[in-house]
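In the numbering used here, the protein residues as written are 4 to 157.
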């Protein structure tokens with residue numbers, strides 16, 4: 004079975020010719036757009052490993068990782084581990100002004116989740132697959148070790 008890293012590399016190699024601009028020329032919201040997709044697929048692959056095959060159960064498990072408040076929580080725990088360049092990308096994502104108003108999250112959590120997705124998108128577009136894999140795996144571990152309702156360590 005292919006690993007998450009193999010999947011990322013294969014996906015990127017198949018799509019790389021389609022990237023219209025370099026990552027530093029893309030808006031933060033564009034980077035967040037692709038980062039959201041990469042995170043969503045990675046999480047869906049993760050929950051499939053649980054062995055559950057009921058779509059409703061898979062969806063419930065996936066949402067514990069993809070909610071804005073959970074992504075914001077993971078980002079706060081990741082910040083000390085980020086490089087200067089990555090911190091700059093996070094700042095760009097956090098400060099991006101979206102026309103979308105969050106329905107189920109605070110504006111602060113929404114902006115931080117956008118920053119998280121922006122970071123993932125940047126790492127994906129720039130081909131930093133090992134680092135992307137590290138960041139996503141670390142985020143998953145963070146989220147698996149907190150109580151979802153409280154976002155506190157278990």
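Note that the Cβ used here is the ideal one computed from N, Cα and C, for glycine as well.
- Task: Could you check the C-alpha separation between residue 142 and residue 76 for me, to the nearest Å?
- Result: 9 Å
- Measure from the alpha carbon of residue 144 to the alpha carbon of each residue in 99, 126 and 74, then state which is nearest. 74
- Task: Using only alpha-carbon positions, find the residue among 123, 131, 137 and 132 that is nearest to residue 38.
- Result: 123
- Message: List, from N- to C-terminal side, the alpha helix (DSSP H) runs of 4 residues or more that fit wholly inside the stretch 68 to 96.
- Response: 71 to 81
- Task: Would you check if there are 3 or more beta carbon pairs closer than 8 Å linking the stretch 41 to 52 to the stretch 115 to 131?
- Result: yes
- State the start and end residues of the unbroken alpha helix (DSSP H) segment that holds residue 28. Premise fails: residue 28 is in no alpha helix (DSSP H) and is neither H nor E.
- Message: Taking the straight line between their C-alpha atoms, what separation do you get for residue 116 and residue 78?
- Response: 8 Å
- Message: For a quick check, are the C-beta atoms of residue 97 and residue 80 less than 8 Å apart?
- Response: no
- Message: In the DSSP assignment, the alpha helix (DSSP H) including residue 104 goes from what residue to what residue?
- Response: From DSSP, residue 104 is part of no alpha helix (DSSP H); its letter is neither H nor E.
- Item | Proximity to residue 31 [Cα-Cα], best of 68, 136 and 125 | 125
- 6 Å CB neighbourhood of residue 129 in its chain, flanking five on each side removed: Within the same chain, residue 129 has close Cβ partners 26.
- Check each candidate in 36, 84 and 28 and name the one with the smallest Cα separation from residue 137. Measuring C-alpha to C-alpha distances from residue 137 to each of 36, 84 and 28 identifies 84 as the nearest.
- Message: Between 112, 64, 99 and 49, which has its C-alpha nearest residue 29's C-alpha?
- Response: 99
- Measure the CB-CB distance between residue 61 and residue 69 and report whether it falls below 8 Å. no
- Task: Take the Cβ of residue 13 as the centre, count every other Cβ of all protein chains shown within 10 Å, and call the residue buried at 16 or more, exposed below.
- Result: Counting every other CB atom within 10 Å of its CB across the protein chains shown gives residue 13 a total below 16, marking it as exposed.
- Message: In whole angstroms, give me the CA-to-CA distance for residue 110 and residue 56.
- Response: C-alpha separation (whole angstroms): 34 Å.
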